[in-house]
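Read the structure below first, then the notes.
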Amino acid sequence: MKKAILFLCLLCCVIPPAKGIRPDRTYVRLPEHLGLIYKTLDVCTQDGYRIRTWFFPAQEAPGADAGSDTPLAYRTLDEQKRPTILICNGDAGNMSYYQLFLAGQFTSRGYNVATFDWRGFGASDPFPMDPDYLCYTEMLEDYRAVIRQVSAQPEVLPGGIYLLGWSTGAYLSMIAAEGDPSVKGCILRGVLTSFEQVIPVLQQAVGKDSTQLLVPEDFPVGKMPLALADTFDKDILIVVGQNDERTPVWMAEDIFAALPDGIEKELWVAPGAKHGGMEAPEVLYPEEFVRRTIRFVERSFQEVE
């Protein structure tokens, strides 16, 4: 784990701070460079965009010299169908950063992992994006297309997908999970309540005015996390930094308080952590973040056994 933590810190050093959509088309490394076994899924959205998606089966932790310049032969530990953690990005970077660290951690503990890039990010199809927008409605279509394809994989336990997202990816995860029977739960880090509440906070935190914090007219604002919370029937782990200045602790607390009984739910306020970069909860406390995520999935999964 110590080597993995050092690797994660090196990743974070080159992730630019995001104050809106900031696509990164260049992969800084590939799974094979870290000795991770994976396959690329053929994901196409209903409006015709190809979404680059990597699927990592549960596997033994790679050795120190396992890295390769070419993809490793695809193989699985066995024929068992397993819970799968589907990790989505935020509003910057791509899946060659945090996601590869988490993929290595979760697959070595017996879970499948899938990662993907929004259209316009990484090797997904190009899509024009205005950095003054907080998100694009099309991101939800990307997410749903990936969920459909991941759920169809023979390695995946039916109804056993867990969505993990941070910042922009957190609220998109909650929206994408709603009503989808293939999704069992969500791990949300740095999740906002609503655009109405977060835009004034962001104006103060990042020094932008309302014309630089835009929301698409067709975005389903009525399905933001606080609006969904009281009827949300998926298990949920909410993670927030104690000093998060963009999605403050009170937002996580308001969502958590509104969640119904009868689901597995947990709120972790990470001491001293902020919203992202080197001070994000998963960077300051990588072992704790992984431990809590695995514990949450185990508790959630026990409900269906």
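Using our numbering, you'd call the opening residue of the sequence shown number 157 and step up by one each time.
By construction, the Cβ of each residue, glycine as well, lies at the ideal position given by its N, Cα and C atoms.
D400 is the residue among D400, E334, G378 whose C-alpha sits nearest the C-alpha of L358. If you look at P437, you'll find it isn't in any beta strand (DSSP E); it sits in the alpha helix (DSSP H) that goes 437–440. Scanning R206, G341, G325 for the CA closest to the CA of L348 turns up G325. Between P179 and F272, the C-beta spacing is not below 8 Å.
Between the C-alpha atoms of I317 and P239 there is a straight-line separation of about 6 Å. F212 places its beta carbon less than 8 Å from that of L192.
The beta carbon of Y327 sits closer than 7 Å to those of V347, L348, M380, P381, all from its chain and outside the five residues before and after it, given in chain order. Taken through DSSP and simplified to helix, strand or coil, K379 comes out as helix. Per the C-alpha coordinates, the member of V306, S264, V396, G249 positioned closest to D198 is V306. Leaving aside the five residues that flank A414 on each side, the residues in its chain whose CB is nearer than 7 Å to its CB run, in chain order, L382, A385, D386. In the DSSP assignment, W322 falls within the beta strand (DSSP E) that extends over 312–322. Nearest neighbour of A248 by Cα position, chosen from G321, D410, L440, P437, turns out to be G321. Judged by their CB atoms, I331 and L242 are not nearer to each other than the 8 Å cut-off.
Collapsing the DSSP output to three states places G249 in a strand. With fewer than 16 other CB atoms across the displayed protein chains lying within 10 angstroms of its CB, A308 is exposed.
Shown here, D391 sits in a strand according to DSSP, grouped into three states. By the neighbour-count criterion, in which 16 or more other beta carbons inside 10 Å mark a residue as buried, D203 falls on the exposed side. The DSSP-derived three-state label of P218 is coil. Nearest to N245 by C-alpha distance, out of C200, D221, E188, I207, is I207. Looking at the DSSP output, R178 sits in a beta bridge with A248. In its chain, beyond the 5 residues on either side, I243, T271 have a beta carbon closer than 6 Å to the beta carbon of Q255.
No Cβ-Cβ contact shorter than 8 Å links V371 with T403.
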